[in-house]
Structures are given as C-alpha cells and as structure tokens.
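S.K.: Take the sequence shown: its position 376, counting from 1, is numbered 389 in the numbering used here, and each next residue is one higher. Every residue gets a Cβ at the ideal spot worked out from N, C-alpha and C, and that includes glycine. Dumping the structure here so I can ask a few things about it.
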Amino acid sequence: MARDTGQNTYRSIHQHAQSDPNGFWLEQARAVDWTRTPSVGVDQSRSPFNRWFADGELNACHNALDRHVAAGRGDQAAILYDSPVTGSKRSISYRELTDQVATFAGVLKAQGVDRGDRVVIYMPMVPEALVAMLACARLGAVHSVVFGGFAARELAVRVDDCQPKVVVSASCGIEPSRVVAYKPLLDEALALASHRVPHCIVLQRDALKAELVDGRDHDWDSVMQTAEPAPCVSVNSNDPLYILYTSGTTGKPKGVVRDVGGSVVSLLWTMPALYDVKPGDVYWAASDIGWVVGHAYIVYGPLFHGCTTVLYEGKPVGTPDAGAFWRVIEEYKVNVLFTAPTAIRAIKKEDPQGKLVADYDIGSLRSLFVAGERCDPDTLAWSGTTLGVPVIDHWWQTETGWAIAANPLGIEQLRIKSGSPSVPMPGYDVRVLDNDGAPVAAGDIGAIVVKLPLPPGTFTTLWNADDRYVSAYFDRYDGFYETGDAGYMDDENYVYVMARTDDVINVAGHRLSTGAMEEVLAGHPDVAECAVMGASDTLKGQLPVGLVILNAGVERDHDEICAELLARVRTDIGPVAAFKSVAVVERLPKTRSGKILRGTLRAIADQKEWTMPATIEDPTVLDEVTDRLKTLGYAGGS
Ligand code: COA
Ligand code: AMP
C-alpha cells in the first residue's frame, strides 16, 4: 500500500469506499483467488441482509494455504506454536499445515461432514484447533469455535443452536494454576443438549488423557492415520464461513454469521492497509481462537496474506513472568503484536518500570495494536514508552469482524489521540445519533451507529435468528447498524467509544452478558430478584457485581447462599465470567414502573457522579445498597 502519495491518503481512500463502495471493494477483491470472479459488489435488495460478491465462488482454505504453497511459500512457517504452559514449541510450514488440514478434512468428510454442515470446536490454543477450523473451511463446512473458559451449559446451548455433525475437542486445556479437563465438560454438555452429536474427535494431550465413549468418540491421532486427504470445495461467496456466539442482553447468545467471500476480501485488505504487514512477516495476535480477534488475526488474516502467525498458549504474566511477551517477540522476530489492553495492564502491574523489556531484543517489532475494550490513556502511554513503537488502539466487535475505527498504518499513520481508536475505516460510515435518531454535534455523546450497507466481512445474520438480527441491530435507527456502543466523534472525525448502551460488560477483554448472569442467579431457589452490573476494575476493566433479594422466609446463612451463587455462575457460565462479588440486600432501587436502576447502581459502585433519577420509587433504598456495595469493596469500601 503506497504511503502518502496524495491520492492514497486515508481521507481519499475512505472517500472512495464511501462514494463508490462497489468499485472500491471489487478492486480489493482482485487480491483474492476466486474460482469464479464476482462481477457484483453489494446486493442491497433485502437490506439489512446485504450480500457482498453474490456471484463469486471461492474457498477460504485455498486462499489461506494452498495458494501460498503453489506460489512457493511451502517451506515458510505458517504457524509458530509456543506453549509455556506445556514447555513445548513447534514450527509448522505452509506445506505441512496444508497436508494436515487436507487430511483432517478427509476425517471430517468420512464422518459425514459436507458443505454447509456445522462442526463445533471446543479446544485450547493448540495447532490442531487451527487445523480443525481450516479443514471445515476446506469442505465448505461451518465451524463454531467455543471458548475453553465457558462451562458445559454454555457449550450445550451452542450445540443445540447450531446442531453440529461433529464436535472436535481435546482432553484438556492448561491454565497456569491447573489442568482443565475439557472432556468431562464436553460429556456433560452433550448430555444436557437435546441435539444428538454422532461423532466427537478428541485430541489426547500428554497432561491428561480422556476416556473416550465407544462408538461416538474418536482419537485424533488414530483417525488422522487412516484418512484420505480432501480437496478444497468451491463455495458461494455468501456461504457461511463460521458462526461465533457472542453475548447479548439475554442468556441466549447470538450466533454471529460471517460469509466466506466477505471474510477473505476484508481480512486480506486489512493486513497491508491497516496493520502494515507484508507476506512473510510474523504477526502475533495474543488472543484466543475462541474470540473474534483469534478467528480474524490468529488464523485467517495472517494466513490469507502469507504471513507467519504465532500461536501462544500462555498468559502475559505468570508463564513464567511479565517478560513473556517480550521473549516471544525476540524468539520469533515478531513484527506486529495485537493484544487487549488488559494484558498490558497485567504486565504493567508486575513490572511497572517495564524493566524486563531490556532483557530481550525486540527490535523486530514495528507496532502494537490493542482492542477488545477501551484503552485507558495510561496503558497507551506506558506501552509506547516501554516498547518504543506506535501503539494503535482500534475498535471492533464480533459482529463487524474487523476494525470499525483504527489508525491505518499501511495507508498513512494519522495523529494518535489518546482515548480514541482513531477514525472510521474505509467502508464504515460512522455517525453519532441522539435518542430520536438525530445527529449530535461534534463532541456530544450519543449512540454510535454505522450507515448501511456495512462493508464486506461484517455479519450477514444471526444463526437461526433472522428476526433477532433485525430487531437487535437495525430496528432502532432506520438505515443504520446500531453498534451498542455510546460515545462521540470530534471535529476531525476521531471516534471515542465510552460505554455500552446495553447489558454487555467487558471483563479482561472478554465480552459477557450481565443478563445471562442474572438468569443464573435468579435460578437459585432462594433468590427472588437480582441485579448484576459491571463495576470498574483497574486490571480487568470491569468486573461483575451481583446484588440479590432473597425469597420471603429464607433464613439460611447469607454467606452460604452467596458462596452457592458464586459457584453457580462459575459452573453454568464458566470461570471466565470472573464472578467473585455478590451480596444480599433487602431491596433494589427501582423506577415506579418496576425497572431496576442498574445505571445508578453502577455509578454508586464506581463512586462516579450521579443524579437522583426522577423516576425512582424510594430513594432511601440507595443508602442500603451503598452500604452493601461497600462491604464488597465498591462504592468507596475497601
Ligand atoms: N479454559 C479454561 N479456563 C479458562 C480459560 C480457558 N481457555 N481461559 C481463562 N480461563 C479461566 C482462568 O483460569 C481463570 O480461572 P480462575 O478464576 O480459576 O483463576 C478465569 O477463567 C478468568 O480468566 P482470565 O480472564 O484469563 O483471567 P486471569 O486472571 O487468568 O488473567 C489476564 C488475566 C489479563 C492475564 C487475561 O485475562 C488476559 O490475557 N486477557 C486478554 C484477553 C484477550 O486476549 N481478549 C481478546 C481480545 S483481544
Ligand atoms: P467483542 O464483540 O467481544 O469484540 O466486544 C466488542 C465490544 O468491546 C465493543 O462493542 C466495545 O464495547 C468493546 N471494544 C472493543 N474494542 C474497543 C476499543 N478499542 N475501544 C473501546 N471499546 C472497545
């Protein structure tokens, strides 16, 4: 991508994408290997179910692997796997990865997986997880990866929703403090689910072997030995590449669907334009394959572009120390690192002066990208000073699949403004609207929306839930996608993302639903009513805090009940919810119409300024809940 030639400035490229979206994206689509080149850009006849490149045909796995082997990249590392938690490392070349993926595609095919069939992948951060994802793409099957930190019930909900023919899993995941036995969680999930899964393939890891269910479960290594490699299946551009479930306002997660053509075109475009990387560069997204960042930038983006991707099974701290990231950068000559601000905060907490950087040669690093949550100015400044490279905050969502706003280093580096993920990316026409749908003035806060059509690579629907797709995202503001984030834009079009407008919270870069946690608490036999809110936390950004009202007549010990409630959320949603604070209250603050005033509760917990809601039923209740929040360490308590 040319730099600053006048015609190729950010402004001119954004303008081009806005005034002629079809021309712009068809031009970008030329970088893709199509089996049938698309002649049309976006079909808006069923908006908001817009379709990009509808007459195109291609295969995502071919674009990630085979085309690079054919072009002479066979010996280059595709994956550099580094696992401090098991003490192992592996380099897998493009040729080896292509062979493994073709063989595993043959395994899936032999188990009846065809184009359009779903495969659930519930695995830790091991190369086989990527092999499974790419094998699905090779067959035109649809993968749905479930993050390992989710519990059996969450897995069961996803299995029932997408009805997979096969589940691919592993015997265990390895957290620094414990070995997490995945197989019992999988067995429990399949027992809870109504959908019957005929086949499971289980990778047996050395740390813990799993018992296999006769007839249903197959050992990864054994099935790989006998399978016939399968070729790439050419599919329509609008065939789904994957379903990725994400938290909404209720306990039922939303199955975000992304199509093949849009994904390949958009991710391929971002690699040079946004991240400023070229084929052969080493790209490291220190995220998890269970999240959208992992799909886009551990797996697909770097491989579409012929880069080497780093797959790191470890943490920023504790594996073994806060120098872990710098060690990986030195060892693999990482050019671009992408992580969540919470990971940097964790490092900064252990090594406030950033002294450990001096132990490593991080000269290969050109930039650090952060996303997943708001990046606080301290973290941004600390990272820049410690690493000596541009630190780029960028804003995106599971729904969009790639950045809505960023600083496109490969086009031109714009001024970095602390607290802002910079400017809308080409293809995104971002606006800020008030409650009535009218645009607000620069600097004023409102709902952040994107004018339709959204660019390629964004979600095409919610799995099995076309109605919810429309009602959750497009009903409120006619002609716009409602991001669910509130914020403002300044007079230079920089976006500032300040808060969610719904019940979604962000805990250590993980997106979680307070509504889902409330459903779990409400299911306890002693609980009459409850509220869960996200309170600020210096390390994880936010942490969930629960307040419950007990049923009349319950006389059990409150500590005992609270311990049961914490255990329930851990068992039903998973440890990733980090639900560690709950207290019993007599009453909750409500409006006269009975709505719990969660915003006021959150402001009290965070000791932020707040005004007494005019609609509050009984203001005296606020003193009671403030006292309880203090006992939990919030609202000024310690
Ligand atoms: N399988 C099983 N359990 C998991 C898991 C997995 N894949 N991932 C996390 N967990 C568990 C952890 O062991 C922990 O359990 P505990 O309550 O027994 O300690 C719990 O879930 C919370 O995990 P986590 O949020 O990772 O907190 P942490 O204290 O272990 O680590 C950070 C804190 C900041 C280091 C870590 O959250 C991090 O690296 N975050 C970055 C997130 C990210 O990459 N987001 C994607 C957007 S880019
Ligand atoms: P997820 O779908 O898990 O990627 O979470 C998306 C949400 O995370 C967004 O809607 C925002 O609330 C938040 N988010 C992600 N990136 C940023 C960022 N750079 N700045 C502020 N918030 C962010």
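Can you give, in chain order, each stretch of the beta strand (DSSP E) that sits fully within the segment 185–256 and has at least 3 residues?
M.R.: 185–188, 191–194, 212–216, 230–232
S.K.: So is the beta-carbon of residue 410 under 7 angstroms away from any non-hydrogen atom of the ligand AMP?
M.R.: Within the sequence shown, numbered from 1, the residue matching residue 410 stands at position 397. Flag set: Cβ of residue 410 near the ligand AMP.
S.K.: Rounded to whole angstroms, what's the CA-CA distance from residue 629 to residue 603? Just pull it up for me.
M.R.: Within the sequence shown, residue 629 is the residue found at index 616, counting from 1. Within the sequence shown, residue 603 is the residue found at index 590, counting from 1. Residue 629 and residue 603: Cα-Cα distance of roughly 6 angstroms.
S.K.: Just the C-alpha distance for residue 294 and residue 438, rounded to the nearest angstrom, thanks.
M.R.: In the sequence shown, counting from the first residue as 1, residue 294 sits at position 281. In the sequence shown, counting from the first residue as 1, residue 438 sits at position 425. Answer to the nearest angstrom: the Cα atoms are 23 angstroms apart.
S.K.: Given this structure, state the Cα-to-Cα distance separating residue 512 from residue 456, to the nearest angstrom.
M.R.: Stepping through the sequence shown from its first residue, residue 512 is reached at position 499. Stepping through the sequence shown from its first residue, residue 456 is reached at position 443. Taking the straight line joining both Cα atoms gives about 15 angstroms.
S.K.: List the whole-angstrom C-beta distance separating residue 534 from residue 638, where the pair is believed to meet the contact cut-off of C-beta under 8 angstroms.
M.R.: Locating residue 534 in the sequence shown gives position 521, counting from the first residue. Locating residue 638 in the sequence shown gives position 625, counting from the first residue. Not a contact, Cβ separation roughly 16 angstroms.
S.K.: The ligand COA and residue 616: does any heavy atom of the ligand fall closer than 7 angstroms to the residue's C-beta?
M.R.: To locate residue 616, count along the sequence shown from 1; it is residue 603. No, the ligand COA has no heavy atom inside 7 angstroms of this Cβ.
S.K.: Do residue 540 and residue 548 have their C-beta atoms within less than 8 angstroms of each other?
M.R.: Reading the sequence shown from its first residue, position 527 is the one you call residue 540. Reading the sequence shown from its first residue, position 535 is the one you call residue 548. Not in contact: residue 540 and residue 548 (Cβ atoms no closer than 8 angstroms).
S.K.: Check whether the Cβ of residue 328 sits closer than 7 angstroms to any heavy atom of the ligand COA, and report yes or no.
M.R.: Your numbering for residue 328 matches position 315 in the sequence shown. For the ligand COA, at least one heavy atom lies less than 7 angstroms from the Cβ of residue 328.
S.K.: From residue 14 to residue 506, what does the alpha carbon distance come to, in whole angstroms?
M.R.: If you number the sequence shown from 1, residue 14 lands on position 1. If you number the sequence shown from 1, residue 506 lands on position 493. Caution is warranted here: a pLDDT of 39 is assigned to residue 14, below 50, making its placement in the model unreliable, and no coordinate value can be reported.
S.K.: With a Cβ-Cβ cutoff of 8 angstroms, do residue 316 and residue 91 count as a contact?
M.R.: Position 303 of the sequence shown, counted from the first residue, corresponds to residue 316. Position 78 of the sequence shown, counted from the first residue, corresponds to residue 91. Taking 8 angstroms as the Cβ cut-off, residue 316 and residue 91 qualify as a contacting pair.
S.K.: Which residues in the same chain have their Cβ closer than 7 angstroms to the Cβ of residue 16, if we skip the five residues on either side of it in sequence?
M.R.: Start at 1 with the first residue of the sequence shown, and residue 16 comes out as number 3. Confidence is the limiting factor: at residue 16 the pLDDT is only 44, short of 50, which leaves the residue's position unreliable, though a coordinate-based value still follows. Excluding its 5 nearest sequence neighbours in each direction, residue 16 has C-beta neighbours in its own chain below 7 angstroms: 425, listed in chain order.
S.K.: What first and last residue would you give for the beta strand (DSSP E) that runs through residue 270?
M.R.: In the sequence shown, the residue the question calls residue 270 occupies position 257. Segment 267–272, the beta strand (DSSP E) holding residue 270.
S.K.: Out of 167, 233, 87, 132, point me to the one whose CA is closest to residue 151's CA.
M.R.: Position 138 of the sequence shown holds residue 151. If we check each option's Cα against that of residue 151, 132 comes out closest.
S.K.: Which two residues bound the contiguous alpha helix (DSSP H) that contains residue 29?
M.R.: Counted from its first residue, the sequence shown places residue 29 at position 16. 23–32 is the span of the alpha helix (DSSP H), which, as asked, contains residue 29.
S.K.: Going by the DSSP bridge assignment, what does residue 500 pair with across the sheet?
M.R.: The count along the sequence shown starts at 1 and reaches residue 500 at position 487. Partner(s): 459, 510.
S.K.: Helix, strand or coil, according to DSSP, for residue 17 in the structure here?
M.R.: As a first step, residue 17 is located in the sequence shown; it is residue number 4 there, counting from the start. Note that residue 17 has pLDDT 44, beneath the 50 cutoff, so the model's placement of it is unreliable and the number below is only indicative. Coil, per DSSP.
S.K.: Provide the residue(s) that pair with residue 495 in DSSP beta bridges, ordered along the chain.
M.R.: Looking up residue 495 in the sequence shown gives position 482. Partner(s): 462.
S.K.: Quick check on this structure: which residue in 99, 88, 41 has the alpha carbon closest to the alpha carbon of residue 108?
M.R.: Walking along the sequence shown from the start, residue 108 turns up at place 95. Residue 108 has its Cα closest to that of 88, out of 99, 88, 41.
S.K.: Would you call the segment 473–492 and the segment 181–190 touching, i.e. three or more CB-CB distances under 8 angstroms?
M.R.: no
S.K.: DSSP three-state call for residue 658: helix, strand or coil?
M.R.: With the chain running from 14 to 651 in the structure shown, residue 658 is simply not present.
S.K.: Hey, out of 29, 322, 595, 646, whose CA is closest to residue 106's CA?
M.R.: As a working note, residue 106 is residue 93 in the sequence shown. Among 29, 322, 595, 646, the Cα nearest to that of residue 106 belongs to 322.
S.K.: Is any heavy atom of the ligand AMP found at a distance shorter than 7 angstroms from the C-beta of residue 406?
M.R.: Taking the first residue of the sequence shown as position 1, residue 406 is located at position 393. Yes, since a heavy atom of the ligand AMP falls inside the 7 angstroms radius drawn around the Cβ of residue 406.
S.K.: With hydrogens ignored, establish whether the beta-carbon of residue 448 is closer than 7 angstroms to any heavy atom of the ligand AMP.
M.R.: The residue labelled residue 448 in the question sits at position 435 within the sequence shown. No, since every heavy atom of the ligand AMP falls outside the 7 angstroms radius drawn around the Cβ of residue 448.
S.K.: Could you tell me if the beta carbon of residue 415 falls within a distance shorter than 7 angstroms of some heavy atom in the ligand AMP?
M.R.: Translated into the one-based positions of the sequence shown, residue 415 becomes position 402. It does not: the Cβ of residue 415 is nowhere closer than 7 angstroms to a heavy atom of the ligand AMP.
S.K.: Residues in its own chain within less than 6 angstroms of residue 388 by CB, not counting five upstream and five downstream?
M.R.: What you label residue 388 is simply residue 375 of the sequence shown in a count that begins at 1. These residues qualify, in order along the chain: 354, 406.
S.K.: Within 10 angstroms of the Cβ of residue 413, are there 16 or more other Cβ atoms? Answer buried if so, exposed if not.
M.R.: Residue numbering aside, residue 413 sits at position 400 when the sequence shown is read from its first letter. Under this definition residue 413 is a buried residue.
S.K.: Answer yes or no: the CB of residue 22 versus the heavy atoms of the ligand COA, is any distance below 7 angstroms?
M.R.: As a first step, residue 22 must be located in the sequence shown, where it is residue number 9. For the ligand COA, no non-hydrogen atom lies closer than 7 angstroms to the CB of residue 22.
S.K.: Using a threshold of 7 angstroms, is the CB atom of residue 50 nearer than that to any non-hydrogen atom of the ligand COA?
M.R.: Start at 1 with the first residue of the sequence shown, and residue 50 comes out as number 37. No.
S.K.: Taking 8 angstroms as the threshold (C-beta atoms), are residue 470 and residue 246 in contact?
M.R.: Here residue 246 refers to the residue found at position 233 of the sequence shown. Here residue 470 refers to the residue found at position 457 of the sequence shown. For residue 246 and residue 470, no; Cβs fall outside 8 angstroms.
S.K.: Give a yes or no on whether the C-beta atoms belonging to residue 167 and residue 586 are separated by under 8 angstroms.
M.R.: Walking along the sequence shown from the start, residue 167 turns up at place 154. Walking along the sequence shown from the start, residue 586 turns up at place 573. A contact, by the Cβ cut-off of 8 angstroms.
S.K.: Work out the CA separation of residue 497 and residue 124 for me, nearest whole Å.
M.R.: Your numbering for residue 124 matches position 111 in the sequence shown. Your numbering for residue 497 matches position 484 in the sequence shown. Residue 497 has its alpha-carbon roughly 40 angstroms from the corresponding atom of residue 124.
S.K.: Can you tell me which residues form a DSSP beta bridge with residue 175?
M.R.: Here residue 175 refers to the residue found at position 162 when the sequence shown is read from its first residue. Partner(s): none; residue 175 has no beta bridge.
S.K.: When you measure from the CB of residue 384 to every non-hydrogen atom of the ligand AMP, does any distance come out below 7 angstroms?
M.R.: Here residue 384 corresponds to residue number 371 of the sequence shown, with the count starting at 1. At least one heavy atom of the ligand AMP is nearer than 7 angstroms to the Cβ of residue 384, so yes.
S.K.: Give the straight-line distance between the Cα atoms of residue 153 and residue 169, rounded to the nearest whole angstrom.
M.R.: Here residue 153 is taken as the residue at index 140 of the sequence shown, counted from 1. Here residue 169 is taken as the residue at index 156 of the sequence shown, counted from 1. Those two C-alpha atoms are separated by around 24 angstroms.
S.K.: Please go through the same chain and pick out, in chain order, the residues whose beta-carbon is closer than 7 angstroms to the beta-carbon of residue 362, but skip the five residues on each side of it.
M.R.: Taking the first residue of the sequence shown as position 1, residue 362 is located at position 349. The answer, listed in chain order, is 552.
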